[in-house]
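Position one of the sequence shown corresponds to residue 15 (my numbering), numbered consecutively onward. Idealized CB from N, CA, C, for every residue including glycine.
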Amino acid sequence: MHGKSVGNERVSVLLILLSGLVLRLIGLNQSFWLDEAAQAIESSRSFVEQFKLAADFQPPGYHLIVHTLVQFNRSEWWLRLSAVVPGVLTIYFTYLTAKRWGGEKVGKWAAMLLATSQFHIYYSQELRPYSLVALWGVMSLWAWDRFLINKKWSWILVITMMFGFYTMYLFGFLVLGTVVTTYLTRRKQLKLMLKHVVVAILPFIFWLPQLWQQVLGSRYLVENLPGWQEVVSLPLVKALPLTVGKLLIGRVPFDFTLGKIILTAVMTGSVAILSWSVVRKSEQTSKFWLVVVPLLSVWLFSLMVPVIEPKRLMYLLPIVYGLVALGGKDKRWGGAVLTLIVLMNLTVTFSYYRFSYLKREQWRQAVNFIETEATPDTAVLFAFPEPFAPWQWYESKGVKAVTTQTLRVRKETNLNSLLASLTGYRQVYVFEYLMDLTDPERRVFAWLYDRGYQQREIKDFSGVGFVYLFEWPRFTANTSL
15 MHGKSVGNER VSVLLILLSG LVLRLIGLNQ SFWLDEAAQA IESSRSFVEQ FKLAADFQPP
75 GYHLIVHTLV QFNRSEWWLR LSAVVPGVLT IYFTYLTAKR WGGEKVGKWA AMLLATSQFH
135 IYYSQELRPY SLVALWGVMS LWAWDRFLIN KKWSWILVIT MMFGFYTMYL FGFLVLGTVV
195 TTYLTRRKQL KLMLKHVVVA ILPFIFWLPQ LWQQVLGSRY LVENLPGWQE VVSLPLVKAL
255 PLTVGKLLIG RVPFDFTLGK IILTAVMTGS VAILSWSVVR KSEQTSKFWL VVVPLLSVWL
315 FSLMVPVIEP KRLMYLLPIV YGLVALGGKD KRWGGAVLTL IVLMNLTVTF SYYRFSYLKR
375 EQWRQAVNFI ETEATPDTAV LFAFPEPFAP WQWYESKGVK AVTTQTLRVR KETNLNSLLA
435 SLTGYRQVYV FEYLMDLTDP ERRVFAWLYD RGYQQREIKD FSGVGFVYLF EWPRFTANTS
495 L
């Protein structure tokens, strides 16, 4: 009977993992958006250049993985496997961790909640390090939980923490949470835990000079591009509720439609009730600090450096779902509430599959359209220092790209000089993308009108926004082409 029980357990866990994999493979070939294209371009550089990341505020761990993958294939689905595989492994280690907390049923419920989470699915399809750092996070918690009982797991704890530090800077706040929880529950082992943390951090010392360059680059953007801080981080007043809301409900726009109000209320209410059941149990209260300490410390740190974003805290999701599953363990109605949460997860997930506005920016479609319509007398204009990363990644037919060569177009900006290379081009496609930051007064449009160009067409690509076609009727062929 015991062997049959173990067999059934393995089958059910395997089914959860397969379901999680399928949900993360659907739509994997979406177009890269801005950050993903930038990641792909940076990872396509030489091996040595993977350690020169002044333009990306991340350590090199994930870059090295993508650098390896890009040597074999450059398609979206292939490169995004670097997020899909960690995502599925995170489901498995969530099962293992929650199983240690409350038994087999708790482990499977936690895994099922994560497998169906739209937020986790979305970022398990993102060519960025969020899925990978969530894996290192739950693996380090799994190893830490065992380490508190048996020291032979210490080497796994050190390795997972070290990989986490080299994947995302905010991983350190999760480690802080484990240190605080160790102090509260196993104070005699705190000194040993701190030694392991120091060993995991030591290799990171070699990265500090590059980290300083990234800090300087980030400071330059904040100082020279008003509004950039709001793009990369949530407003502090709204940060905590929005972070919790998006982690639980998913990456969907918040508005006051009746359906979303009901969904939000039922989801957060269900999670709150089950989580509170755990907090009330003195022997389980300590696990609550694994969420609270990282969340609050990142929020406080954002007072100095704007970093708080739900996707950067996705490593909290396995803990949250572990607590939720644990809260439903001893309740007669616990299974019904957990089932309701899974169904709500799936509702949001299938909405993500269905609606284009919930998917990524359609840069591939925009570039393909322009390349199809372009003639030798067509140029593309960006209000940015260089063509946006997705244009660089997807453009393959040599369409002329012109930029304003500055982060922000101001009154004193000499567009006559900066855009001189547009001379002789009959058609100019203008991307309005990010213009609210880089050219809020649309001086580029005014410059085109002053030169005799007329707006002929507007195309709208989901996420990318409007692309304007300007034509110059008084045209003399560009004989230099």
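Where Ile40 sits in the DSSP three-state scheme: coil
Euclidean distance between Cα positions of Ser476 and Lys373: 8 Å
If you scan the segment 384 to 431 from start to end, which runs of the beta strand (DSSP E) of 3 or more residues do you find wholly inside it? 392 to 396, 414 to 417
Could you give the first and the last residue of the continuous alpha helix (DSSP H) run that contains Ile105? 90 to 116
How far does the beta strand (DSSP E) with Val481 in it extend, from its first residue to its last? 479 to 485
Closest by CA to Glu375, which one among Leu357, Val351, Ala403? Ala403
Consult DSSP for Tyr137 and reduce its assignment to one of helix, strand or coil. helix
Quick check: what's the CA-CA separation for Leu314 versus Gly342? 32 Å
Do you know whose CA, among Gln243, Tyr482, Arg326, Ser138, lies nearest Val394's CA? Tyr482
Residue closest to Arg470, alpha-carbon to alpha-carbon, out of Asp391, Leu28, Phe484: Phe484
Taking the alpha carbon of Ala415 as the point to measure from, which residue in Tyr439, Ser431, Asn428, Asn430 has its own alpha carbon closest? Tyr439
For Trp377 versus Ser57, is the C-beta distance shorter than 8 Å? no
Among Asn22, His210, Gly151, whose alpha-carbon lies nearest the alpha-carbon of Glu118? Asn22
Confirm, please, whether the CB-CB distance from Gly34 to Ile105 is below 8 Å. yes
Tell me which residue opens and which closes the beta strand (DSSP E) that Tyr180 is part of. First-last for Tyr180: undefined, no H or E at that position.
Express the C-alpha separation of Leu162 and Val25 in angstroms, rounding to a whole number. 30 Å
Helix, strand or coil for Ile472? Go by DSSP, reduced to three states. strand
Does the distance from the C-beta atom of Val362 to that of Val280 stay below 8 Å? no
Run through the DSSP bridge pairs and tell me what Gln441 is partnered with. Thr392, Glu485
Measuring only the C-alpha atoms, how far is Gln227 from Glu63? 14 Å
Ser284 to Asn430 span [Cα, whole Å]: 59 Å
My assumption, with CB atoms under 8 Å, is that Asp464 sits in contact with Val423. Please give the rounded CB distance. Their Cβ separation, rounded to whole angstroms, is 14 Å, which puts Asp464 and Val423 out of contact at 8 Å.
Between the segment 119 to 137 and the segment 318 to 334, are three or more C-beta pairs nearer than 8 Å? yes
So, with DSSP's three-state summary, where would you put Gln379? helix
Taking the alpha carbon of Leu155 as the point to measure from, which residue in Ile135, Gly186, Glu140 has its own alpha carbon closest? Gly186
Proximal residues to Pro487 (C-beta, below 7 Å), its chain only, five neighbours per side dropped: Gln468
May I have the straight-line CA-CA distance separating Ala148 from Phe107, to the nearest angstrom? 10 Å
Given this structure, state the Cα-to-Cα distance separating Asn43 from Trp92, to the nearest angstrom. 9 Å
Would you call Ser494 buried or exposed, if buried means 16 or more other Cβ atoms sit within 10 Å of its Cβ? Below a pLDDT of 50, predicted positions are generally treated as unreliable, and Ser494, at 41, falls in that range; the measurement from the model is reported next regardless. It counts as exposed.
Distance check for Thr389 and Ala125, CA to CA, integer angstroms please. 53 Å
For Glu409 versus Glu385, is the C-beta spacing smaller than 8 Å? yes
Using the C-alpha atoms, what's the distance from Glu244 back to Glu237? 13 Å
Please name the residue, chosen from Tyr137, Ser300, Leu357, that lies closest to Gly191 on a Cα-to-Cα basis. Ser300
Note down the Cα distance separating Pro399 from Met318, rounded to an integer number of angstroms. 27 Å
I need the straight-line Cα distance from Val98 to Phe179, nearest angstrom please. 20 Å
Enumerate, from N- to C-terminal direction, the unbroken alpha helix (DSSP H) stretches of 4 or more residues contained entirely within the segment 180 to 237. 185 to 199, 204 to 215
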